[in-house]
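**Student:** Below are the structure tokens for one structure; questions will follow.
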Amino acid sequence: MRAGPATLSMSAALGLLYVFLYGPIGYVIYTSFAVDIVWPFPPSFTLQAYVDLFSSSLYSEALTNSLTLATGAAVISTLLAAAGAIGILRFRSRYRTAALLIFIAPLFVADLLIGISVLAFNARVLGLPGNLFSAMAANAIQGTAFGFLIILAQLVRYNWDMDDAAMVFGAKPLRCFFEITLPTIWPSLFGAFLISFILAFNNLEISFYTLGAIPTLPSVAWGSLRFGLGAELFALAALVNGFVFLVFAVMYLLMRLGIVRFGYRGG
């Protein structure tokens, strides 16, 4: 069966869209290995950019701070998102709609406004200086909103009668959660953690205003732009993009193998 003109046009448009989206990423990966970034022919490749990147103490410190920040923010986001989703769906209240709006409200607020607001609140109300802990809490605001939607998408189909049956036979709420609820919804918690981690790891606006002089990879990369596009910046961008694609590839593989299933499929 031959494809019609409409199908060919849609396929061409989709192909151009993918080139537009992923072409810059491919170029960054290429330039991270290229001797000359102005696209010579034939191309010459080197690992010098990665050698310079890993030998830089500034980038090493920034990577450690970014990993610490992202992990802390992801843990806070996942815990708050899970508690909020369970509370809203498990317990009926006249204020449930208001609580739902509060959880998703950060999705409609610019990162810059969140960073400035947290900075002003910490400095003028709490008297706290910029540090990793305040940056974790600030990044968790946005991460909680995304994690909440991910967990909510699975819990909305969860059969709460299983929890009620367990508690009827004497299980305490905490034991019921760890033995009944958690084994069912853990993929959504894992997904919420990953999304929150990636958001906090790559964030510049929120972290810039809440960290003070503590360097992270986004802030170091942004500051390095004042001196031009160095080869180590291309290597850094390639590694970050590679890490993100690796995470999604692993998630896709787990879903294909049936190890991870998003959405409750019970009766």
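1 is the number of the first residue of the sequence shown in full-length UniProt numbering; add one for each residue after it.
We put the beta carbon where it would ideally sit given N, CA and C, even for glycine.
1. Less than 7 Å between the C-beta atoms of THR31 and ALA192, yes or no?
2. Cβ atoms of LEU189 and residue 270: under 7 Å apart, would you say?
3. Between the alpha carbons of LEU89 and CYS176, how many angstroms are there, rounded?
4. Write down the C-beta distance between ALA145 and ILE206 rounded to the nearest angstrom, noting that I regard them as a contact closer than 8 Å.
5. Quick check: does the Cβ of GLY130 come within less than 6 Å of any heavy atom belonging to the ligand SAH?
6. I'd like the list of long-range same chain contacts for VAL247, defined as Cβ closer than 8 Å, with 5 residues on each side in sequence excluded.
7. Out of PRO187, LEU174 and GLY84, point me to the one whose CA is closest to LEU254's CA.
8. Please state whether DSSP places PHE148 in a helix, a strand or coil.
9. Under a Cβ-count criterion, where at least 16 other Cβ atoms within 10 Å of its own Cβ denotes burial, should GLY130 be classed as buried or exposed?
10. When you compare each of LEU16, GLN48, SER66 and ASP36 to VAL240 by their alpha carbons, which one comes out closest?
11. Quick one: what's got a C-beta closer than 7 Å to LEU204's C-beta in the same chain, skipping five residues either side?
12. So, are the CB atoms of GLY242 and SER196 less than 7 Å apart?
13. Whose CA, out of LEU14, ALA237 and MET251, lies closest to the CA of GLY26?
14. Given a cut-off of 7 Å on the beta-carbon distance, is the pair GLY115 and TYR209 in contact?
15. Since ILE76 and MET136 are thought to touch, with beta carbons under 8 Å apart, how far apart are those beta carbons, to the nearest angstrom?
16. Can you tell me which of VAL156, ASP161, GLY212 and ASN139 puts its alpha carbon nearest to the alpha carbon of THR71?
**Tutor:** Reading off the structure:
1. The residue you call residue 31 lines up with position 31 of the sequence shown. The residue you call residue 192 lines up with position 192 of the sequence shown. In this structure, THR31 keeps its C-beta atom at 7 Å or more from the C-beta atom of ALA192.
2. Lying before the first or after the last residue shown, residue 270 is absent from the chain, which here runs from 1 to 267.
3. Taking the sequence shown and counting its residues from 1, the one referred to as residue 89 is at position 89. Taking the sequence shown and counting its residues from 1, the one referred to as residue 176 is at position 176. Spanning the alpha carbons of LEU89 and CYS176 requires a straight line of approximately 16 Å.
4. Walking along the sequence shown from the start, residue 145 turns up at place 145. Walking along the sequence shown from the start, residue 206 turns up at place 206. Going by Cβ atoms, the distance from ALA145 to ILE206 rounds to 13 Å, so no, they are not a contact pair.
5. Of ligands this structure carries none, so the ligand SAH is not represented either.
6. Numbered from 1 along the sequence shown, position 247 holds the residue referred to as residue 247. Leaving aside the five residues that flank VAL247 on each side, the residues in its chain whose CB is nearer than 8 Å to its CB run, in chain order, LEU194 and ILE198.
7. Looking up residue 254 in the sequence shown gives position 254. Selected option, being the one with the closest Cα: PRO187.
8. Here the question's residue 148 lines up with position 148 in the sequence shown. PHE148 sits in a helix when the DSSP states are folded into three classes.
9. Residue 130 sits at position 130 when you count from the first residue of the sequence shown. The residue in question, GLY130, is buried, as its Cβ has 16 or more Cβ neighbours within 10 Å.
10. Start at 1 with the first residue of the sequence shown, and residue 240 comes out as number 240. Nearest of LEU16, GLN48, SER66 and ASP36 to VAL240, Cα basis: SER66.
11. Within the sequence shown, numbered from 1, the residue matching residue 204 stands at position 204. Counting only Cβ-Cβ distances below 7 Å, and skipping sequence neighbours, we find PRO218, SER219 and TRP222.
12. To locate residue 242, count along the sequence shown from 1; it is residue 242. To locate residue 196, count along the sequence shown from 1; it is residue 196. Taking 7 Å as the Cβ cut-off, GLY242 and SER196 do not qualify as a contacting pair.
13. Counting from one through the sequence shown, the residue named residue 26 turns up at place 26. Ranking the options by Cα distance to GLY26, first place goes to ALA237.
14. Locating residue 115 in the sequence shown gives position 115, where the first residue counts as 1. Locating residue 209 in the sequence shown gives position 209, where the first residue counts as 1. In this structure, TYR209 lies closer than 7 Å to GLY115 by Cβ.
15. Against the sequence shown, residue 76 aligns to sequence position 76. Against the sequence shown, residue 136 aligns to sequence position 136. The Cβ separation is near 6 Å, so the contact holds.
16. In the sequence shown, counting from the first residue as 1, residue 71 sits at position 71. A check of alpha carbon separations from THR71 across VAL156, ASP161, GLY212 and ASN139 identifies ASN139 as the nearest.
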